[in-house]
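Shown next, in the form of structure tokens:
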């Protein structure tokens, strides 16, 4: 069985204390059994609990568990991904005068042994664990349903790319509507002010025109009158002499 040796190598590499004190790290096998089937091959699978015993550890136990997490991510990844096994690692810690710790950890492990025959000789190989799945987002998802009229045809029910395009168009449309509303609100006040200004100018011009017309009428009246009437209108003439 190779996994215990790999774990020891990793712990020794990651933690200086084990490099300086290798005897404080001990590994034991417990509750072992094998699984095999009635297939043509004689291959089997080991199942066992790896018991780790650490004595007088002067640092935080976090260092050990961090290395174990790194180990099982590669060597026994189902302990992380299978919800039924995510709490399978057991441990006990005994403080020694609050200065060092005695730590025992139990990890359920399995190893596959592949048996083959070559030239009438059995070949035994310990298989590596499958590589962790590199989850990647799907670029496109399409869903089809069987056509009710023609079972040999399928109707597309959903297409993720088309859905993204529709969402993008809706966002652009909503953005354009919001922009138009904002522009309309921005120009309402100047337009209204301009209209009011034009209306005021129109009233003033109309008033001035009215005054001009009235003065012309009054001038005409004075001009058409007698000399006495013209004298009576002299004040009027002075008043409107600038018009």
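In our numbering, the protein residues as written are 0 to 242.
All residues carry an ideal CB built from backbone N, CA and C; glycine is no exception.
Could you check where the alpha helix (DSSP H) with residue i kicks off and where it finishes?
{"i": "residue 64", "result": "61-74"}
{"i": "residue 128", "result": "No alpha helix (DSSP H) contains residue 128, which DSSP labels as neither H nor E."}
{"i": "residue 77", "result": "77-80"}
Is the distance from the Cβ of residue i to the Cβ of residue j below 8 Å?
{"i": "residue 82", "j": "residue 55", "result": "no"}
{"i": "residue 77", "j": "residue 9", "result": "no"}
{"i": "residue 260", "j": "residue 19", "result": "Residue coverage of the chain in this structure runs from 0 to 242, which leaves residue 260 outside it and unanswerable."}
{"i": "residue 100", "j": "residue 92", "result": "yes"}
{"i": "residue 140", "j": "residue 109", "result": "no"}
{"i": "residue 67", "j": "residue 102", "result": "no"}
{"i": "residue 114", "j": "residue 42", "result": "yes"}
{"i": "residue 60", "j": "residue 98", "result": "no"}
Quick one: is residue i buried, meaning 16 or more other Cβ sit within 10 Å of its Cβ, or exposed?
{"i": "residue 2", "result": "buried"}
{"i": "residue 106", "result": "buried"}
{"i": "residue 156", "result": "exposed"}
{"i": "residue 74", "result": "buried"}
{"i": "residue 14", "result": "buried"}
{"i": "residue 27", "result": "exposed"}
{"i": "residue 53", "result": "buried"}
{"i": "residue 65", "result": "exposed"}
{"i": "residue 6", "result": "buried"}
{"i": "residue 142", "result": "exposed"}
{"i": "residue 71", "result": "buried"}
Where do the N-terminal and C-terminal ends of the beta strand (DSSP E) with residue i fall, by residue?
{"i": "residue 54", "result": "43-56"}
{"i": "residue 17", "result": "Note, residue 17: premise wrong, no beta strand (DSSP E); alpha helix (DSSP H) at 15-19."}
{"i": "residue 29", "result": "24-35"}
{"i": "residue 94", "result": "89-95"}
{"i": "residue 99", "result": "99-117"}
Look up residue i in the DSSP assignment and give the residues it is bridged to.
{"i": "residue 5", "result": "None, per the DSSP bridge assignment."}
{"i": "residue 145", "result": "153"}
{"i": "residue 120", "result": "117"}
{"i": "residue 162", "result": "None; residue 162 has no bridge partner."}
#### Entry: Meets three-Cβ-pair contact criterion under 8 Å: the segment 45-59 and the segment 21-36
yes
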